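Using the working numbering, the first residue of the sequence shown is number 1269, and each one after it goes up by one.
Glycine included, every Cβ here is placed at the ideal spot set by N, Cα and C.
Every value quoted in this text rests on a predicted model; they were computed, and no experiment measured them.
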Amino acid sequence: MAEVIKGRRDVILAGVDGTEAGLAAARYAAAEAARSGAVLHLVYVVDPYAPPLPTWPVAPTAPDSRMGQLGRAILAEAEDAVTDSGVVVTTDLLLGLPATVLAQESAKARLVVLGDQPRTLLDRIITSSILAPVAAHAPVPMVAVPAAWVPGDETREIVVGVQDAAGSIALVRRGLEVAAERGAPLRLLHAWHTFGAFQDYLTVGSEEQAWIDRAERELTATLGAARAASSPAAAGVDARVDVVHAQTAYALVEASRTADLLILGHGRSFRGFGHLGGTARAVLRESICPIEIDPSVAPAFEGDAGATDGVTTAESRPVGAGRQ
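Written out as structure tokens, the structure reads:
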């Protein structure tokens, strides 16, 4: 395997776990590998302190244990599921905490893909999810694929959620590249929403339209800068700017209903530690289509009020408006 994995440009990593979501992740990753000519690397992570059977007590495990045997069977099933993809497939059984290991292994890949299995609220509270930790700490984009996701017969749009126009040139460029690879149109979506007195103020007279017009200008400028930094194919992608007055997570989830892929950015918080805000977490949980979390944008995608503050001066901003 070491001879195959030469660098991020050559490998797409998919974490599998024996669920339908894991198989969906393997298929999505295989399609991406086929488009880019990359190697597909399937990984199953054995928790070092997991019970061999649900009714057994927790005990140390090893790759050759009962859990290790189960992991190899899961890898074989996932490999069979992508046999017709035509891509080179490698597999690996690793020992450790799944979120930590997958975030570390992602440094060897250009993209990491995980499945998103539907769970009840109680399940989420008790067991949590590895999606947010991996997305927050992986140095490369992470895609979460819903278990029920099935690609449509027609290519649909790629949607990039943009909060801060000035800090999102790299994110928009990523959207252009993905859209070019898939022959799809691109939609830049910015949602803004305020609360209390601010909400009343901004929806009176022409203030709402003035806010939307300014955000559209800023996003158009960001799109132009991203095109200038992109390859000819990506620069020529059909793209549009869409500014909506709505709560951010709601607008993004609605957009996921008609998209092939939803792309969001996240930043680095205190002293470089990964951070994924409540908005991104909510969209990860509710998105209808696959969602990519990209670390290439500086500010975290979080907050509902404020229209791209990074390039809006205090003088041009509506009085009393801003992030909450």
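Of the residues the options, the one placed nearest residue i, counting alpha carbons only
i, options, result
"A1377", "V1505, A1306, D1348", "A1306"
"M1416", "C1557, G1286, A1519", "The sequence shown places Ala at residue 1416, not Met. The candidate whose alpha carbon is nearest that of A1416 is C1557."
"V1279", "V1311, V1551, A1433", "V1311"
"I1426", "A1527, E1288, Q1477", "A1527"
"A1433", "A1478, R1482, S1333, Q1477", "R1482"
"A1517", "V1509, T1547, A1493, A1507", "T1547"
"L1457", "E1449, E1522, L1382", "E1522"
"D1510", "L1530, E1475, E1484", "E1484"
"G1451", "E1476, A1403, V1505", "V1505"
"G1533", "A1403, R1553, G1354", "A1403"
"R1340", "E1300, G1286, R1303", "G1286"
"R1334", "D1562, A1550, L1361", "L1361"
"V1446", "A1344, Q1477, L1552, D1562", "D1562"
"D1315", "A1346, G1336, L1365", "L1365"
"V1512", "S1498, G1429, A1299", "G1429"
"P1453", "L1529, I1559, E1347", "L1529"
"G1336", "T1488, P1401, V1313, V1357", "V1313"
"H1405", "Y1296, G1383, E1554, V1369", "V1369"
"E1449", "I1480, V1551, S1498, I1342", "S1498"
"L1382", "G1283, V1357, P1407", "G1283"
"V1357", "R1295, G1435, L1338", "R1295"
"E1560", "E1347, P1407, L1363, E1475", "P1407"
"L1363", "L1338, S1555, E1476", "L1338"
Status (buried if at least 16 other CB within 10 Å, exposed otherwise) for residue i
i, result
"A1502", "buried"
"P1419", "exposed"
"D1352", "exposed"
"R1525", "exposed"
"T1359", "buried"
"Q1431", "buried"
"E1288", "exposed"
"R1441", "buried"
"P1599", "Absent from the model: residue 1599. The displayed extent of the chain is 1269 to 1592, so no value can be given."
"G1492", "exposed"
"R1303", "exposed"
"E1486", "buried"
"A1478", "exposed"
"A1412", "buried"
"A1496", "exposed"
"A1344", "exposed"
"E1422", "exposed"
"A1298", "buried"
heavy atom of the ligand SAH below 7 Å from residue i C-beta
i, result
"G1364", "Although the ligand SAH was asked about, the structure shown includes no ligands whatsoever."
Beta bridge counterpart(s) of residue i as assigned by DSSP
i, result
"H1309", "L1281, T1358"
"P1414", "D1384"
"G1429", "L1457"
"H1513", "W1460"
"I1561", "M1410, L1532"
"L1552", "The partner list for L1552 (beta bridge, DSSP) is empty, contrary to what the question assumes."
"L1598", "Any answer about residue 1598 is impossible in this case: the structure gives the chain only from 1269 up to 1592."
"L1439", "Answer is none; L1439 lacks a bridge partner."
"L1491", "Answer is none; L1491 lacks a bridge partner."
"R1508", "R1455"
"A1527", "E1425"
"V1314", "L1363"
Rounded Cβ spacing between residue i and residue j (contact assumed at less than 8 Å)
i, j, result
"L1291", "A1349", "5 Å"
"G1379", "P1414", "According to the sequence provided, residue 1379 is Leu. The question's Gly does not apply to it. So it is not a contact: roughly 17 Å between Cβ atoms."
"L1281", "S1374", "6 Å"
"L1444", "A1367", "Not confirmed; about 30 Å, so no contact."
"R1455", "R1508", "6 Å"
"A1293", "V1355", "So it is not a contact: roughly 14 Å between Cβ atoms."
"Q1385", "H1461", "About 30 Å; that fails the 8 Å criterion."
"T1490", "I1531", "At roughly 14 Å, the Cβ-Cβ gap does not stay under 8 Å, so T1490 and I1531 are not in contact."
"R1549", "A1400", "5 Å"
"A1459", "L1520", "7 Å"
Closer than 8 Å to chain C by CB, residue i
i, result
"R1450", "You won't find chain C in this structure, because it holds only one protein chain."
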